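Residue numbers (the working numbering), protein chains in the order written: chain Y, 21 to 105; chain R, 112 to 775.
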C-alpha cells in the first residue's frame with residue numbers, strides 16, 4: 021500500500037466530503053435565508069419557503085446520504101481500498 | 112444462545128420482524144375488539160404497556176450474551192438497514208414523539224429549526240465521523256479519543272462531556288415514560304418511573320448492545336406505526352386521502368385564511384398574530400440558523416448515536432446505515448408538521464371564536480376538558496378542568512367579550528399528539544397505541560443513553576484505567592453492575608419530576624457539539640492535531656459553552672452585569688432592568704424575594720452575548736474549540752510517525768478494525 025496511492029485516494033475522498041458539505045450547507049442554511057421570498061410561491065398549498073424547511077431539505081439530506089454512500093464506495097473500489105466482500 | 116444461533120437469527124431478520132409486526136397488528140386488533148366488548152379504558156391501557164414491555168423483555172433475554180464484543184458492539188453483525196431502524200428509535204426520544212408537533216404548533220415556521228437540525232446532523236455523521244470511528248473499531252467514543260490523542264487525559268475529557276450530556280438526557284426519558292404512563296393510563300407517576308426503569312433494564316442488562324439493538328428495532332416499528340396512524344386517519348377523514356404529509360398543504364391554506372378572519376373578527380390583534388408559515392416571528396434569523404447549527408453539530412457528536420454505527424459489519428455498511436437511519440427518522444419528522452397544522456386548524460376553527468358559555472355543550476370539545484383537567488390546556492389563564500371553571504375564569508378577565516380569543520387559549524406542547532386521536536374521534540385503542548409508541552420512543556432512547564454512560568464507565572474507566580488485565584467475565588459483571596447503578600440513579604432522580612433537568616436536555620446538544628465535535632472531526636481529518644491541542648480545545652470549548660448555559664440561565668443578573676456591553680438588549684429592556692434592580696435594592700425584607708424573582712426573570716431575557724439564546728450556546732464554544740485545537744496543535748510538536756500511520760489506517764476502509772480485542 022504505497023503512500024502515493026493512499027494520497028490519491030484521500031484527495032478523492034476529501035473532494036467528495038467537500039461536495040457533500042456544500043450541498044448540506046445550501047439546504048441547511050442557504051435556501052432558508054430566502055424563506056420569505058420563497059413563501060410567495062405556493063405549491064400544492066405549501067408556501068415554498070415553509071415547504072423547503074419542513075420537507076424539501078429533508079428529502080435532499082436523505083438522497084444525499086444514499087448517494088454519498090455509493091459515491092464513496094466507488095472511490096474506494098477504484099483506488100483499491102474497499103473492504104473485501 | 113450466544114453465537115451459534117446468532118447467524119441463523121441475522122439471516123432470518125426479515126421474517127422475524129415481519130412476524131413481529133403482524134403479531135403487533137393482531138394485538139392492536141384484539142384490544143380494539145376488547146374495547147367494543149366494553150372492557151374499561153384503563154385496563155386496555157395497562158395491557159398495552161405490559162404487553163409491549165413483555166415483548167421487549169423477551170427480546171432482551173433471548174439476546175443475552177457473555178462475549179465482550181457482543182456486549183459492547185453487538186458482535187458487529189447488525190445489517191445497515193436494521194441498524195438504521197435501531198438508530199431511529201435510539202434517536203427519537205419522548206420529546207420528539209410527544210413534544211415535537213407541539214413545538215411546531217407553538218412556533219410555526221421557526222419551530223422547523225428543530226426538524227432541520229435533528230435531520231441534517233446525520234449528513235455530518237456520515238461524511239465526517241461515523242465510518243472512521245467504525246474502521247477504528249472503538250467500543251465507545253472516549254475509546255477513540257484515548258487512542259488518537261494518546262491517553263487518559265483526552266479520554267477523561269471525553270467522558271466528562273459524555274456524562275454531562277447523556278445523564279440529563281436519560282433522566283428526561285424516564286420522566287417521559289412516567290408522564291406518558293400517568294397521563295394515558297392513569298398510573299401513579301412514581302410507579303410509572305419504576306416500571307420504566309424495569310422496561311429499560313430488561314432490554315439492556317443481559318445482552319448489552321446486542322439486546323438493545325434488537326429491542327430498538329422492535330421499538331421503532333411500534334413508535335412509527337403509532338405516530339402515523341392518528342394523523343393518517345385524520346387526513347383520510349378530512350380530505351379523503353390518507354397522506355397527511357401532502358394534504359396538509361390545504362390545511363396551511365385554510366389556516367392562513369382563518370388567521371386573517373380572526374384578525375377581522377377581533378379575536379387577535381393584527382400585530383400580535385404570528386402567521387403559521389411566516390419565518391422569524393419567534394426567533395430572529397441569527398437564533399434560527401444558530402439553533403439549526405447547534406442541533407446539527409450536536410447530533411453528530413452525541414455518543415449514544417455515534418456508537419450505533421460501531422455495530423455494522425463493515426465501514427461501507429456504516430455509511431449506508433446512516434442513510435437508512437435518516438430515512439427512518441425522516442418518516443417521523445416530516446409527519447410532525449402535519450400534526451401541528453391539523454391541530455392548529457382544528458383549534459382555530461372550533462375553539463377560537465367559540466362562545467365561552469357554549470364550550471361545555473360541544474361534544475367535539477370533550478378532549479379540551481380531559482386534557483385541561485391534568486393541566487395541559489388553559490383557557491383564560493386557568494386549567495380547563497370543566498366548563499364552569501372556564502366560564503368563571505373568563506368572567507374575571509376585564510372586558511372579556513364572552514368569546515374565546517386567541518390570547519385566552521393555551522395548549523401545552525405535549526398535548527398536540529396525544530389529543531389528536533380524540534380530535535379525530537378515534538376509539539380509545541388508538542390513544543393506547545399512541546401511548547405505547549411514546550413509551551417505545553422513551554425506552555429505546557433511554558436504553559441507548561444508559562449503555563453509552565455505563566460503557567464509558569466500565570470500558571473506558573474500569574477496564575482501560577483501573578484494571579487492564581481484568582478477565583472477560585469480570586469485565587462483563589462490572590459493566591452490568593454499573594448499568595444497574597446508573598439506571599437506578601437516573602430513575603431516582605426522575606422520580607422527583609425535575610423540571611429543570613427536562614429543560615436541560617436542550618443543553619446536551621450544545622455541550623456535545625462544543626466538547627466533542629472538533630476533537631472527533633480533526634482527529635480524523637487533520638494529522639497535525641495533537642494531544643495537547645485536542646485536550647485544550649475540548650476543555651475550552653466545553654467550558655465556554657457550560658459557562659454560557661449556566662450563567663445566562665441561573666446567574667442571569669450577574670451574567671448581564673458582567674457582559675452588559677455584549678448584550679443584545681434593547682434600550683427599553685435595559686431601562687426595565689435598571690428599574691427592577693432599583694426596586695429590588697429598595698424592597699422591604701419580606702418583598703425582597705419577589706423583587707429578586709422579577710429582576711432575575713427579566714435578566715434571563717437579556718443575559719446574552721449578541722442576543723444569542725441559551726439553547727444555541729455552542730455558537731461560541733464550537734468555533735473557539737476549533738480555533739484553540741488548531742492553534743495549540745500548531746504551537747506544539749506534530750504527532751509521532753506511528754500516530755500518523757494510525758490515522759492513515761483509520762481513514763482506509765480496507766484492512767479490518769484497528770483496535771483489536773484481545774482473544775477473549
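Ideal Cβ placement from N, Cα and C applies to all residues, glycine included. Small disclaimer: the values here were computed from a predicted structure and weren't measured.
Taking a beta-carbon distance threshold of 8 Å, residue 31 (chain Y) does not count as an interface residue toward chain R.
Secondary structure at residue 466 (chain R): strand, using DSSP grouped into helix, strand and coil.
Below the 9 Å Cβ cutoff, chain R contributes no neighbours of residue 28 (chain Y), its closest Cβ being approximately 12 Å away.
Here residue 758 (chain R) is buried. Its C-beta has 16 or more other C-beta atoms within 10 Å. Residues of the same chain with a CB within less than 7 Å of the CB of residue 485 (chain R), apart from the 5 flanking positions on each side, are 294 in chain order. Residue 770 (chain R) and residue 250 (chain R) have their C-alpha atoms some 9 Å from each other. At a Cβ-Cβ threshold of 8 Å, residue 362 (chain R) and residue 453 (chain R) count as neighbours. Relative to the Cα of residue 33 (chain Y), the nearest Cα in the group R:166, R:548 and R:636 belongs to R:636. Around the beta carbon of residue 611 (chain R), fewer than 16 other beta carbons sit within 10 angstroms, so the residue counts as exposed. Per DSSP, the continuous beta strand (DSSP E) segment holding residue 489 (chain R) begins and ends at 488–490. Going by DSSP, residue 685 (chain R) is part of the alpha helix (DSSP H) stretching over 682–697. Rounded to whole angstroms, the separation of the alpha carbons of residue 307 (chain R) and residue 157 (chain R) is 13 Å. The beta-carbon separation of residue 656 (chain R) and residue 731 (chain R), rounded to 7 Å, stays under the 8 Å limit for a contact. Take residue 297 (chain R), set aside five residues on each side of it, and the residues of its chain with a beta-carbon closer than 6 Å to its own are 153, in chain order.
Put simply, of R:119, R:368 and R:715 the residue whose alpha carbon is nearest the alpha carbon of residue 725 (chain R) is R:715.
By the Cβ-count criterion, residue 181 (chain R) is buried, with 16 or more other Cβ atoms from all chains shown falling within 10 Å of its own Cβ.
Note that the C-beta distance between residue 199 (chain R) and residue 432 (chain R) is not below 8 Å. Among the residues of chain Y, those whose CB is under 7 Å from the CB of residue 438 (chain R) are 82, following chain order. Taking 8 Å as the upper bound on Cβ-Cβ separation, chain Y lies near no residue of the stretch 660–681 of chain R.
Rounded to the nearest angstrom, the Cβ distance from residue 233 (chain R) to residue 85 (chain Y) is 7 Å, consistent with a contact under 8 Å. At least one C-beta of chain Y is nearer than 8 Å to the C-beta of residue 364 (chain R). Residues of the stretch 380–396 of chain R with a Cβ closer than 9 Å to any Cβ of chain Y, in chain order: 387, 388, 389, 390, 391 and 396. A distance of 8 Å or more separates the beta carbons of residue 544 (chain R) and residue 203 (chain R). For residue 335 (chain R), the uninterrupted alpha helix (DSSP H) segment begins and ends at 319–350. The beta carbon of residue 455 (chain R) sits closer than 7 Å to the beta carbons of 216, 366 and 387 from its chain, once the five residues preceding and following it are set aside; these are given in chain order.
Between residue 538 (chain R) and the set R:690, R:140 and R:593, the nearest pair of CA atoms involves R:140.
Boundaries of the alpha helix (DSSP H) around residue 453 (chain R): 447–457. Under the three-pair Cβ rule at 8 Å, the stretch 599–617 of chain R does not count as touching the stretch 698–710 of chain R. Interface annotation for the stretch 46–67 of chain Y against chain R: 47, 48, 49, 52, 53, 55, 56, 59, 62, 63, 64, 65, 66 and 67, criterion Cβ-Cβ distance under 9 Å. Taking a beta-carbon distance threshold of 8 Å, residue 35 (chain Y) does not count as an interface residue toward chain R. When the beta-carbon positions are compared, residue 59 (chain Y) and residue 50 (chain Y) stay at least 8 Å from each other. Per the DSSP secondary-structure output, residue 516 (chain R) pairs with nothing in a beta bridge. Excluding the 5 residues flanking it on each side, residue 356 (chain R) has same chain C-beta neighbours closer than 7 Å at 445, 446 and 449, in chain order.
Comparing C-alpha distances from residue 166 (chain R) to each of R:397, R:667, R:473 and R:134 shows the shortest one belongs to R:134. Distance from residue 580 (chain R) to residue 663 (chain R) at the Cβ level is roughly 47 Å; contact not present, criterion being Cβ atoms closer than 8 Å. Interface residue (Cβ-Cβ distance to chain Y less than 8 Å): residue 759 (chain R) is classified as such.
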